[in-house]
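Take the sequence shown: its position 3, counted from the start at 1, is 3 in UniProt numbering, and no numbers get skipped. Even for Gly, the Cβ is constructed at its ideal location relative to N, Cα and C. What you are looking at is a predicted structure, and each value in this text was computed from that prediction instead of being measured. See below for the structure under consideration.
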Amino acid sequence: MKKNKDGKSALKMEKYNIKEKFLISALISFAASFIVFIFNPIDIFANNAQEFSFALNDFILPLLLCFLICFAAIFGILMIFNKQLLNIITSVILSIFVSGYVYNLTVGKGMFVSGDVRIAPDKVENAYFIILGITMYIILLLGLFLKKQWKNICVFLCILLIAMNSATLVTDFTSKNAAKANGANVEYALSEKNMFNVSDKENVVYFLFDRFNKMFYDEIVEKYPDYFSKTLDGFTYFDNTVSTFSRTYPAVAGMITGVTYDGKTSADEYFKKAYTTSPFLKDLKKNGYNINLYVDRYYEYSDAKYLKDIADNAVKVDGYTANQKRILNYLLKLSEGRIFPHKMPSTMFMFTAFGTVLKLSDLKTEGKIYHDDDAEVYKNLTASGLDTYNSDKNFTFIYLHGSHSPFTLNSNVERVGKSTSIEQTVGSFKIIDEYIKELKRLGVYDNTTIVITGDHGYPYTDTESMLKYMDKGTRTCLFVKPKNSKGELKTRHTQASLTDIIPTIVKDTNLKTNHNYGKSLFDIDENQTRTRIYYHSRLSGDSKLIFDKYKITGYAADKNNWKFEKSIDTKQAWY
């Protein structure tokens, strides 16, 4: 090793003076803390404010405190290290933040889908780690060959990261108005009111399982051959049924109202149109039905003000209480997913599956707001049972978590750490089993029309053409019990669509109407060839919603009967 005239190694003489070390440590600490605790959370909020029931001032002060603590901690630690260690640490930190920025700006756009049928996690990981490796390699090379300029390189990259993210933040506060954005302006919500009340005269009860794919039915029948037949007295199973959409939004609102989303409006505008113009809901009211809808806010409706004159369980919202701890955890987990993109798919999956966005604040209402917690629904049903109330006719729609992952429900309808698709579906079906027993106990089973189905089947992918991935055409389970129907479970192979449910209800209840709803499922010949329409939701590269339109003719399980027609760019945000 080369030594100077005093005999000391040149390596030991190479060190930053206090000002240089202070500058590098301060900039690295500021850039990292700023991105994690300021930019990412605020940018996420600004771009999704309409989905959140809270405002910026509900979380900004704790974020600033976290930012200051993190900045001070990183700065204090970095000031301890000598030049060599400081350079290595700053290289790693810069590589992580630069690669995360590059990934999210390029190949990562549109990859983070909010369901568990998303782009393959290994594809996300591979893309991210390739970018991370290249970025780290370049930065380390710069540090190796431009040692004397490393301080300037470090300063430049830090300032660049801060400047680019700050520019985006300025846009968030100007064009997106983040400071005033507030999704907590919900006026009405759907409560649990009347949930276990039925009419002693006429009832329509409509159960909907999230993602009730036919494969779940097949799995259960294989393990428990008589499971459905022993419960579903008087029912007919339609085993060749196709949903209209591949995701809960906009499927459920369309199933309730009969108004199909055309892809030309925002979610809120669609919800308003569907619930305020629905001929079916209007006809139910005109025919004397009390309507109670038990569905989640967000995917099924944005604001129940559109339902206040329709649904008896719509209640007024008088403000909200923000759960600051949950909000911070939510935003910082998403911030972590931006920095380490390979974590984002699983993070988004868990948040979506558990309806986390609905639990970040508590809306103040008279009565509890309905949420699809199957274990809670079963507990309350078995505790109170069903009862009749002052209503000649009653229409009840109950949305349940059902067959959708994550599987955390056992066959006894108890929350467990880990379960299976079979156990969870059986557990959720116990709600229906108990409900049917109660209808029979009250003597109203015969005069009740019952529908059991799913909002969609298994969609295979949310980012690419479905035909590339599916081995069989996706089918959705559908069971229908007309009034006064008795006997063992029957099966029909009718080429059915979920859009046939409303006409079936209209026919079975003899609803007086001037609207032409079409044929009941029981009036369609099993051998009749029918073409059904299916819209597969796909995420575009700029996080917009695209519908791939398919036409299905014949046996829906045969993928050869699925014909792609066209892609429709809705230019609307992914939902």
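Any chance you could list the beta strand (DSSP E) runs of at least 3 consecutive residues sitting entirely within the stretch 261 to 325, in chain order? Restricting attention to beta strand (DSSP E) runs no shorter than 3 residues, the stretch 261 to 325 encloses them at 289 to 294 and 314 to 322, ordered along the chain.
Return the bridge partner residues of residue 603 from the DSSP annotation. Absent from the structure is residue 603, since the part of the chain shown begins at 1 and ends at 575.
Who are the near neighbours of serine 278 in its chain, counting only those whose CB is closer than 7 Å to its CB and skipping five residues on each side? Contacts found: Thr257, Gly258 and Val259.
Decide if the stretch 330 to 345 is in contact with the stretch 213 to 229; the criterion is three or more beta carbon pairs, one per stretch, under 8 Å apart. no
Near alanine 557, what residues of its chain come up, given a Cβ to Cβ distance below 7 Å and the 5 sequence neighbours on each side ignored? Lys472, Gly473 and Arg475
Apply the 10 Å Cβ neighbour rule to asparagine 394 and answer buried if 16 or more other Cβ atoms are within range, or exposed otherwise. buried
Near leucine 157, which residues of its chain fall below 6 Å by C-beta distance, leaving aside the five closest residues on each side in sequence? These residues qualify, in order along the chain: Leu94.
Lysine 486 and glycine 254 - do their beta-carbons sit closer together than 7 Å? no
Exposed or buried, tyrosine 469, counting other C-beta atoms within 10 Å across all chains shown (16 or more means buried)? exposed
For aspartate 200, which residues of its own chain have a beta-carbon under 8 Å away from its beta-carbon, when the five flanking residues on both sides are left out? Thr388, Leu442, Gly443 and Val444
Give me the residue from Asp309, Asp362 and Tyr294 with the minimum Cα distance to lysine 285. Asp309
Less than 7 Å between the beta carbons of aspartate 374 and leucine 409, yes or no? yes
Distance check for lysine 264 and tyrosine 16, CA to CA, integer angstroms please. 59 Å
Using the three-state DSSP reduction, which class does serine 335 fall into: helix, strand or coil? helix
What whole-angstrom Cβ distance do arginine 247 and proline 459 have, given they're in contact under 8 Å? 7 Å
Any idea if arginine 415 is buried or exposed, counting beta-carbon neighbours within 10 angstroms, 16 or more meaning buried? Arginine 415 comes out exposed.
Three-state secondary structure assigned by DSSP to lysine 15: coil
Thinking C-beta only, is alanine 189 closer than 7 Å to arginine 326? With respect to alanine 189, arginine 326 sits apart: the two C-beta atoms are not nearer than 7 Å.
Thinking just about the alpha-carbon of each residue, which of Thr509, Thr491 and Tyr435 is nearest to the one in asparagine 197? Tyr435
Rounded separation between alanine 573 and proline 250 - CA only: 13 Å
Within the same chain, show all residues whose beta-carbon is closer than 8 Å to that of valine 98, passing over the 5 residues directly before and after it, in chain order. Thr135, Ile139, Leu157 and Leu161
Kindly identify the DSSP beta-bridge partner or partners of tyrosine 399. Leu208
What's the gap between the Cα of tyrosine 103 and the Cα of isoleucine 291? 48 Å
DSSP three-state call for arginine 530: helix, strand or coil? coil
Distance, cysteine 66 Cα to glycine 143 Cα: 31 Å
For the ligand SAM, is there a heavy atom less than 6 Å away from the beta-carbon of aspartate 374? In the structure shown, the ligand SAM is absent, as is every other ligand, since no ligand is present at all.
Between threonine 420 and phenylalanine 407, is the Cβ-Cβ spacing less than 7 Å? Taking 7 Å as the Cβ cut-off, threonine 420 and phenylalanine 407 qualify as a contacting pair.
Count the other C-beta atoms from every protein chain shown that fall within 10 angstroms of the C-beta of glutamate 488, then say buried if there are 16 or more, exposed otherwise. exposed
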